Amino acid sequence: MPKNIEIRNSTAEFLIFMLEGKEDGIQMMYKNETIWATQRAMAQLFDVGVPAISKHLKNIFESGELVENSVISKMETTASDGKNYNTTYYNLDAIISVGYRVNSVRATQFRQWCTFVLRQFAIRGYVLDHKRMENGAFLGVDYFEHLLAEIREIRLSERRFYQKLTDIYATAVDYNQDAPTTRLFFKKVQTKMHYVVHGHTAAELIVERADANKEH
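Counting from -2, one number per residue, gives the positions in the sequence shown under this note's numbering.
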């Protein structure tokens, strides 16, 4: 399902949301690893009036769905008259909650997109925004470091799984470490472990790295 909202990165602190068929974008702030928007920006995003956004936010806070102090931030912004004003911004949690309550065509598109993303996550266990990564959009501090850490943790869990298999095998009543069947079993587990970690079997790794010109 294609996105109905295009995200353009303007600077390290601001994102411009470009809506299909609209020349003017919606400016939102990027701070503390999340997106922040005013009620006016949310009204533009979901194509409704500001009073509707205000009403939904009030209901969200009164119902206990979100804690107001945890999703708002007072930020100083410069208006068109050149003066600075303290403006209330709402983070991504609040934006998503409002999006699920608003009754408009654009809000419906937003909910469809959210459902699509959640479905992909449920099926594959992860979601990648290919366009965002291809276009070099702002990914946040240490984004790739966090991604690599997640991959390492997955690999470690797989190693633990294979370790459990070998431990269980070794507890068998007829276990014999010198038996051909035992040696073959451990070789297969070792090969699978190598393939999980670096995409090659143990034999392939040896062939790839073999170099007669090296001293050792």
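A virtual CB, placed ideally from N, CA and C, is assigned to each residue, including glycine. If you're wondering where the values come from, they're calculated on a predicted model, not measured in any experiment.
Local conformation of residue i per DSSP, three classes
i	result
T75	strand
Y97	coil
A176	coil
T31	strand
T198	coil
N210	coil
N1	The predicted model places N1 with a pLDDT of 42, which falls under 50 and marks its position as unreliable, so this point remains unresolved.
S51	helix
S232	With the chain covering only -2 through 213, there is no way to say anything about residue 232.
Supposed contact pair residue j and residue i - C-beta distance, whole angstroms, cut 8 Å
i	j	result
V45	S101	5 Å
M26	Y86	6 Å
V267	H143	What is shown of the chain runs -2 to 213, which leaves residue 267 out entirely.
Contacting residues, own chain, Cβ-Cβ under 7 Å from residue i (five flanking each side not counted)
i	result
G196	none
R222	Nothing in the structure corresponds to residue 222, since the chain is present only between -2 and 213.
H191	H197, T198, A199 and L202
R37	V47
8 Å CB neighbourhood of residue i in its chain, flanking five on each side removed
i	result
L63	I57, D90, A91 and S94
T8	The pLDDT assigned to T8 is 38, lower than 50, so where the model puts this residue is not dependable, and the model offers no usable value.
G61	none
- Message: Measuring CB atoms only, is the stretch 68 to 76 touching the stretch 22 to 36, in the sense that at least three cross pairs come out at less than 8 Å?
- Response: The stretch 68 to 76 is in contact with the stretch 22 to 36.
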